[in-house]
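Notes for the one structure printed next.
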Amino acid sequence: MTHTISTSDAKPESGLCRRLQPFFFFLFLLCIAMTPTYVEAVEIAPHLHKNKLDNGLTVLVKETPGTKVATVQIWVKAGSIYEEKHEAGITHLIEHMIFKGTPTRAPGEVAGAIEAMGGQINAYTSYEYTVYHATLSSRNWGDAMEVLADAVLHSTFDAGELEREKKVVLEEIRMRKDRANIVLFQELMAKAYTVHPYRLPISGTAESVTAISRDDILRYMKNHYHPDNFTVVVVGDVRVQQVVDAVNSLMGGLAKSEARPPAIPREPPQKATRLFSLTEDVNQTQLALAFPGSAFKGQDAATLDVMTSILASGETSRLYTRLRNDTGLVYRIDGSAFTPRDPGLLEFTATLDADKLAPALEETLTEIFRMKRSKVSDEELDRAKRNLESDFIFNLERAEGQARVLGSFEFLTGDPREDKYLAKVRAVSKEDIQRVAAFYLRGEHLTVGTIAPLGTALNLNQAQLAKIIAKAEAAAKLGQPASQVDNAFLSGVHRFELKNGIRLLVRENHDVPTVSVRAVLPGGLRSETPATNGAFAFISELLPKGTQQLSAE
Numbered sequence: 008m009t010h011t012i013s014t015s016d017a018k019p020e021s022g023l024c025r026r027l028q029p030f031f032f033f034l035f036l037l038c039i040a041m042t043p044t045y046v047e048a049v050e051i052a053p054h055l056h057k058n059k060l061d062n063g064l065t066v067l068v069k070e071t072p073g074t075k076v077a078t079v080q081i082w083v084k085a086g087s088i089y090e091e092k093h094e095a096g097i098t099h100l101i102e103h104m105i106f107k108g109t110p111t112r113a114p115g116e117v118a119g120a121i122e123a124m125g126g127q128i129n130a131y132t133s134y135e136y137t138v139y140h141a142t143l144s145s146r147n148w149g150d151a152m153e154v155l156a157d158a159v160l161h162s163t164f165d166a167g168e169l170e171r172e173k174k175v176v177l178e179e180i181r182m183r184k185d186r187a188n189i190v191l192f193q194e195l196m197a198k199a200y201t202v203h204p205y206r207l208p209i210s211g212t213a214e215s216v217t218a219i220s221r222d223d224i225l226r227y228m229k230n231h232y233h234p235d236n237f238t239v240v241v242v243g244d245v246r247v248q249q250v251v252d253a254v255n256s257l258m259g260g261l262a263k264s265e266a267r268p269p270a271i272p273r274e275p276p277q278k279a280t281r282l283f284s285l286t287e288d289v290n291q292t293q294l295a296l297a298f299p300g301s302a303f304k305g306q307d308a309a310t311l312d313v314m315t316s317i318l319a320s321g322e323t324s325r326l327y328t329r330l331r332n333d334t335g336l337v338y339r340i341d342g343s344a345f346t347p348r349d350p351g352l353l354e355f356t357a358t359l360d361a362d363k364l365a366p367a368l369e370e371t372l373t374e375i376f377r378m379k380r381s382k383v384s385d386e387e388l389d390r391a392k393r394n395l396e397s398d399f400i401f402n403l404e405r406a407e408g409q410a411r412v413l414g415s416f417e418f419l420t421g422d423p424r425e426d427k428y429l430a431k432v433r434a435v436s437k438e439d440i441q442r443v444a445a446f447y448l449r450g451e452h453l454t455v456g457t458i459a460p461l462g463t464a465l466n467l468n469q470a471q472l473a474k475i476i477a478k479a480e481a482a483a484k485l486g487q488p489a490s491q492v493d494n495a496f497l498s499g500v501h502r503f504e505l506k507n508g509i510r511l512l513v514r515e516n517h518d519v520p521t522v523s524v525r526a527v528l529p530g531g532l533r534s535e536t537p538a539t540n541g542a543f544a545f546i547s548e549l550l551p552k553g554t555q556q557l558s559a560e
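In terms of the numbering used here, the sequence shown opens at residue 8 and continues consecutively.
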């Protein structure tokens, strides 16, 4: 998973491109015919070809015969993490400006050329890369390739357009400050990372964007928009060699650059918990947790995806079942593994009432810490794998989804083949999950953040957080199977049998000022028949509803 910012305001402002488009495509075909260099397409998987031009540009082509749609994408290794301090937000601003005119196309005609063919054009910026993409009828892929190449290579960055587009970006920044989940996420990143640029917003700040000049943009383009940083991805009913020849004609003549991206600082290991609290004009309190995670290329990435799916993906996940269904401590809870180019995060977020923060946080951490104390069930493991694989396959249903997967895998691993990732997911074992949980899910590595309505006092400080973590660790340990419990822990357990046959287990624990009581009765699904299916679940719902002497309250 990576975080991105999209541009959706690319609209045609002139119909001139409709009259000129056949002429430019004729020139484009003429250039192909005159190109002397021949680059042979190399198949690395069925229908998937990868080529590198002489100047370092990479071409990925996936043939999907029979489909009537094609997507053309230009990926640029220019993301926000490569920005210098004074350039904050310039990558995203350039993404907006790319559609604002070239020497042969007036502002709006880049988008207009694609939309005139019934296609769609857009772009997005992430931490590691920027992507310009168009989807349209497969018979027009060549026109789309020429339009995108013209925009990416020949944008004029008109001063007037730049000032107008700055206002658009500044409004986006302002609007993001009105969205509690984005504010909370950005502060979580800023606290979880201390030196790595993941801590900085992709869009920059109002101050940094305002200060960006046209000269700054041209300098950034020279340093980052060169063949070594380009990957062209085309998916659809196309012929591979024709695509490679077209890309070679349009972009093969670009000179290599000696520019190198700035060194990205490595994030030092986190040694203590971090805590922050925000109060904003919001309606509900939100909670966010983060543990340091793995890079996408790391050996644990697939296992972390499976583990977080078990914990926090969907209404059958452990956290949703426990926090939403069983205890009602939260209105919503979910989580995911953020696995970008460099080590990412394991993120969990919840929406809840402010007065339930402490118990919700403790219960959430208890469920999280249980992952390292006991193995998951066969059912949980199989369901998580199926869900991940089905979500992945759904993303491949459309041409643009396939291209996005190919491009991101190429940028993050150097290998665009998605089947390797799926193979890793299928190979994840219970032992793998317990191993990575023990390594990553550690209290001292935790970052906790909240955002609450103005005037709300959450009363959560570092000392209280430390107690909650200790209680959660103890509760997680109590909840594990006997085979997983330390012998030293078992040695303090006293066993009694009452006259009526009830067995009582007692263990003193003076480390935490709480008492935990649990009653376990025979029953459950294993004791039910087809005729009584659901009876025990119904009974368990009724038991807390009152007795002869006590009401439910």
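Think of the CB as a built atom: it goes at the ideal place given N, C-alpha and C, for glycine as much as any other residue.
Going by DSSP, what residues sit across from Q127 in a beta bridge? Q127 is bridged by DSSP to T142.
Give a yes or no on whether the C-beta atoms belonging to E91 and T98 are separated by under 8 Å. Result no, Cβ atoms of E91 and T98 do not sit closer than 8 Å.
Per-residue DSSP class, three states only, for L453: Looking at L453 - three-state DSSP - the assignment turns out to be coil, as it is neither helix nor strand.
Is L359 near Y338, with beta carbons less than 8 Å apart? Closer than 8 Å, so yes.
Helix, strand or coil at F33 [DSSP, three-state]: Per-residue confidence for F33 stands at a pLDDT of 36, beneath the threshold of 50, marking its modelled position as unreliable; the derived number appears in the next sentence. If DSSP states are grouped into helix, strand and coil, F33 belongs with the helices.
Pick from A391, K363, G342 and E404: whose alpha carbon is nearest that of I375? Of the candidates A391, K363, G342 and E404, G342 places its Cα closest to the Cα of I375.
Below 8 Å between beta carbons: does that hold for I340 and A357? A contact, by the Cβ cut-off of 8 Å.
As an exercise, report each continuous alpha helix (DSSP H) stretch of at least 4 residues that is fully enclosed by the segment 59-130, in chain order. Fully enclosed alpha helix (DSSP H) runs of no fewer than 4 residues occupy 97-104 and 116-122 of the segment 59-130, in order along the chain.
Between G508 and P551, what straight-line distance do the alpha-carbon atoms span, to the nearest angstrom? Spanning the two alpha carbons is a distance of roughly 24 Å.
Is the beta carbon of G86 closer than 8 Å to that of S145? Cβ atoms of S145 and G86: not closer than 8 Å.
Could you check whether G321 and T71 sit closer than 8 Å to each other, using their CB atoms as the reference points? For T71 and G321, no; Cβs fall outside 8 Å.
Sequence-distant residues of its chain with Cβ nearer than 8 Å to L330 (five each side left out): In the same chain as L330, and ignoring 5 residues on each side of it, the C-beta atoms closer than 8 Å to its own belong to L336, V337, I340, A357, A367, E370, T371 and E374, in chain order.
Apart from the five residues on each side of it in sequence, which residues of its chain come closer than 7 Å, Cβ to Cβ, to L169? The residues are M104 and R221.
Given a cut-off of 8 Å, decide if R377 and A483 are closer than it, judged by their beta-carbon atoms. Going by C-beta atoms, A483 is nearer than 8 Å to R377.
Cα-Cα separation between T286 and T280, rounded to whole angstroms: Roughly 21 Å between the two C-alpha positions.
Going by other Cβ atoms of all chains shown within 10 Å of its Cβ, with 16 needed for buried, is Q555 buried or exposed? Its Cβ having fewer than 16 others within 10 Å, Q555 is exposed.
Provide the residue(s) that pair with D341 in DSSP beta bridges, ordered along the chain. Answer by DSSP bridge pairing, in chain order: T356.
How would you write the range of the beta strand (DSSP E) that T286 sits in, first residue to last? According to the DSSP assignment, T286 belongs to the beta strand (DSSP E) that extends over R281 to E287.
Can you list, in chain order, the residues of its chain whose CB lies under 7 Å from that of R433, leaving out five sequence neighbours each side? The residues are K392.
Can you grab the Cα-Cα spacing for the pair E524 / P347, in whole Å? Just to set this straight, residue 524 is Val in the shown sequence, not Glu. About 43 Å.
Is D385 buried or exposed, if buried means 16 or more other CB atoms sit within 10 Å of its CB? D385 comes out exposed.
Starting from V443, follow the alpha helix (DSSP H) in both directions and report where the run begins and ends. In the DSSP assignment, V443 falls within the unbroken alpha helix (DSSP H) covering K437 to Y447.
Looking only at DSSP bridge pairs, what is L55 linked to? In the DSSP output, where bridge partners are listed per residue, L55 has A52 and K69.
Taking DSSP's pairing of strands, which residues face T137 in a bridge? Beta-bridge annotation (DSSP): T137 is paired with V83 and T132.
Below 8 Å between beta carbons: does that hold for V84 and Y139? Strictly speaking, residue 84 in this sequence is Lys, with Val absent from that position. Not in contact: K84 and Y139 (Cβ atoms no closer than 8 Å).
Note down the Cα distance separating S417 from P114, rounded to an integer number of angstroms. Residue identity check: residue 417 is Glu in the sequence provided, not Ser. CA-CA distance, E417 to P114, rounds to 32 Å.
Of the listed residues G96, R206, I128 and A445, nearest to E214 (C-alpha basis): Per the C-alpha coordinates, the member of G96, R206, I128 and A445 positioned closest to E214 is G96.
Contact belief for A459 with T217 at Cβ below 8 Å, rounded distance in angstroms: A Cβ-Cβ separation of about 31 Å leaves A459 out of contact with T217 under the 8 Å criterion.
Is DSSP giving Q293 helix, strand or coil here? Note: Q293 maps to strand in three-state DSSP.
By the three-class DSSP mapping on this structure, what secondary structure does P299 have? Strand.
Helix, strand or coil for V242? Go by DSSP, reduced to three states. V242 falls in the strand class under three-state DSSP.
If you pair each beta-carbon of the segment 447-467 with each one of the segment 178-196, do three or more pairs fall below 8 Å? The segment 447-467 vs the segment 178-196: in contact.
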